[in-house]
Structure formats: structure tokens, C-alpha cells
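What follows is one structure encoded as C-alpha cells, with my remarks underneath.
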Amino acid sequence: METTVMQQLQFSPWIHSKSVSAKPKGSLHFPRRLAEQDILQAPFSFDLRVSRHSNHRRTVALKISCSYKNSSVLESGNHCASVDESLAIQRKSREIESYLNGRSIYLVGMMGSGKTTVGKVLSNALGYSFSDSDSLVEEDTGISVAEIFKVYGEDFFRERETEALRKLSLMRQFVISTGGGAVTRSINWKYMHKGISVWLDVPLEALVKRISAVGTNSRPLLHHDSTDAYSKTLVRLSTLLEERGEAYANAEVTVSCEKIAAKLGTKDVSNVTPMAIAIEALEQIEIFLKREDGYCAI
1 METTVMQQLQ
11 FSPWIHSKSV
21 SAKPKGSLHF
31 PRRLAEQDIL
41 QAPFSFDLRV
51 SRHSNHRRTV
61 ALKISCSYKN
71 SSVLESGNHC
81 ASVDESLAIQ
91 RKSREIESYL
101 NGRSIYLVGM
111 MGSGKTTVGK
121 VLSNALGYSF
131 SDSDSLVEED
141 TGISVAEIFK
151 VYGEDFFRER
161 ETEALRKLSL
171 MRQFVISTGG
181 GAVTRSINWK
191 YMHKGISVWL
201 DVPLEALVKR
211 ISAVGTNSRP
221 LLHHDSTDAY
231 SKTLVRLSTL
241 LEERGEAYAN
251 AEVTVSCEKI
261 AAKLGTKDVS
271 NVTPMAIAIE
281 ALEQIEIFLK
291 REDGYCAI
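Under this note's numbering, the first residue of the sequence shown carries the number 1, and numbering increases by one thereafter.
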């Protein structure tokens, strides 16, 4: 269910109603003196009404609707990013820029861990391009990943996946969402280490709830005909996580959703927004890069 936030805002005279009303959907533009400060950027729509009174004064009523889609860590819900989160990720993206120096970011993790959703948040914050390795394989073959598994088998898919990562490793300033099993091939790590690898560590129970709720048809390693989707998914994901756990731990940066939830004072990781995960990812990446450069805090 999409969450909509309604706010009443008061603007100073330097925001002219004519320029605002000409853009019913889009972004508000502020003077240059504020461009260097922390300004929330979010997609919105608004209803602008101008009232003229008998004393020739005019009042402007501006109703803004802000929605942030695909924001649940498990891509199963919607939230509007808080002002604090939006300002925090802007500050952190500026702070990390010189350390990052254009290096790409590779997100690894189990299926359903939110790599695509968080990846898009990160790419927007950093001004990077976003790519999904599974999507690149689908574009290359002309069929879906599920169909590739069915027709050609997993080995064929893994070869195409490796080729996609090889091509992406030649790029800079990309945030890349990798497939859940990309970590199982050592050659993939060779390509991913040309950038920075980040493991989105989401508890097994949360993954099972999300995937079993939306179905497994698009998950070739989970697809089954049983009506007991939860139990089947739990067993299969448990096996996959056991097989891949050490491989995920090879990532240079780990982002634990449980730890983020604890910081926020909740035990339910579904309450952790993609924005919060992206902020934590940037913080951990910054720590890693500073250590890599031999930086020591005093």
C-alpha cells in the first residue's frame, strides 16, 4: 500500500507562484544561496490555489503529496523518506565523494534482500548510474532469468552473468545489483573487486516472509508447485544461505539490517527503510575507504 504524506508549507516571497504552478509535478527550485545547503529532494505532486481578498492581497495554498515507492527493505511496502534521512544521505554522499573517487559499488546478498531498491537509492544519492546484472543477462539473451534456467540451465546463466559483470567492471560510477548467486564464482569477485562490494545482510526469516508472500515464479532456484510456499521457501533459502554465507562475507563492506533496526529501536527489520540502509552503506563504505587509505581518526 502506498503511503502518502500531506504537508502545509509556507514559502518566502522569492518563490514565485507563477513559476511553481507551471510545474504541477517535478521539483521545486531554490535560490543558489540555498543550493549549497541541505535541501530535501523527492518526487511529488501538488495542488496550488491562489485566493484574492477584498484588500487586494493574495494568499497561496500549496498542498504537496510526497510518495516514495519501493522503499521497503524487502520491496514489499512503501514509505515516504523522512526529511532527516534525505538530508543525511545527501550529506554523506558529499562526504564520501573524494574517498570513493568514482569507484563502482557492487551490491551482493540473498534474493529478496533489496539490492535493486537500495541500489537505486544509492545511485540517485551519488549521481551514479544504476545497473542490474540479471537485467543485462536478460537483455543479452532476450528471455527472462527464469526461462534461461528452464531452457539452458544454471551453468549457462552463470556464464552469462560473469560476462555481464566483466563488462560492468570496465565502467566507473555505477551502482550494480548482482544476482544472489554471483558470489559463488571466484572470477566474479575478480571483477567486483575493481569496485567496492557491499553485502546487504538481511535475516533469513524476513527474506522468507517477503518471498513467500509475493510468490516464487520469478525465482528459478525456489520455484515449486507446493501450496505451502512458506515452508518450502524457508527450507530452500536456509540451504542457499548456508552454501553462500562464507562467500557473502568476502564482501569488503557488510550492512546488517538487524544492526540498523537496533539503532532505530526496533526488532522488526521491515521497519528499516531503503534510505536508512543506503545511509548505513555509505557510512560503512567510507570507513572501509579511509582504512584502505591508511586514515586514522584522532
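Where is the CB? At the ideal position from N, CA and C, for every residue including glycine.
The straight-line gap separating the alpha-carbon atoms of Asn271 and Glu85 is approximately 14 Å.
Judged by their CB atoms, Ile196 and Arg103 are nearer to each other than the 9 Å cut-off. For Arg244, same chain residues with a beta-carbon under 8 Å away, outside a window of 5 residues either side, are Met110, Gly180, Gly181, Val183, Thr184 in chain order. In this structure, Val108 and Val198 form a Cβ contact; the two beta carbons are roughly 7 Å apart against a cut-off of 8 Å. In the structure shown, Ser123 adopts helical secondary structure according to DSSP, grouped into three states. If you draw a 10 Å sphere on the C-beta of Gly119, you find 16 or more other C-beta atoms in it, and that means buried. Contact check for Ile277 against Val121 passes: the beta carbons are separated by less than 9 Å. Pairing Gln173 with Gly127 gives a Cβ-Cβ distance under 9 Å. Ser82 is a Cβ neighbour of Met275, given a cutoff of 9 Å. If you draw a straight line from the Cα of Asn188 to the Cα of Val255, it is about 20 Å long. Per DSSP, the continuous beta strand (DSSP E) segment holding Tyr106 begins and ends at 105-108.
Per DSSP, the unbroken beta strand (DSSP E) holding Val253 starts and ends at 253-256.
In the same chain as Ile260, and ignoring 5 residues on each side of it, the C-beta atoms closer than 7 Å to its own belong to Val272, Ala276, Ile277, Glu280, in chain order.
Runs of the alpha helix (DSSP H) lying entirely within the segment 143-168, each at least 4 residues long, are 145-151, 154-168 in chain order. When the beta-carbon positions are compared, Leu170 and Ser133 stay at least 9 Å from each other. Secondary structure in the segment 167-208: the beta strand (DSSP E) runs of 3 residues or longer, each lying completely within the stretch, are 174-177, 196-201 in chain order.
Inclusion of Leu200 and Ser113 in the CB contact set at 9 Å is warranted, their separation being smaller than that value.
In this structure Tyr99 touches Glu286 by the C-beta definition: roughly 6 Å separates them, less than 8 Å.
Residue nearest to Asn101 within the set Ala249, Glu147, Lys194, Tyr152 is Lys194 (criterion: CA-CA distance). Ranked by Cα distance from Thr116, the options Asp155, Glu292, Ser177 are led by Ser177.
DSSP, reduced to helix, strand and coil, places Asp84 within a helical segment of the structure shown.
By the beta-carbon neighbour count (other beta carbons within 10 angstroms, threshold 16), Ser123 is buried. Bounds of the alpha helix (DSSP H) holding Asp140 are 133-141. Judged by DSSP in its simplified three-state form, Ser212 adopts helix.
Within the DSSP secondary-structure output, Phe130 pairs in a beta bridge with Val175.
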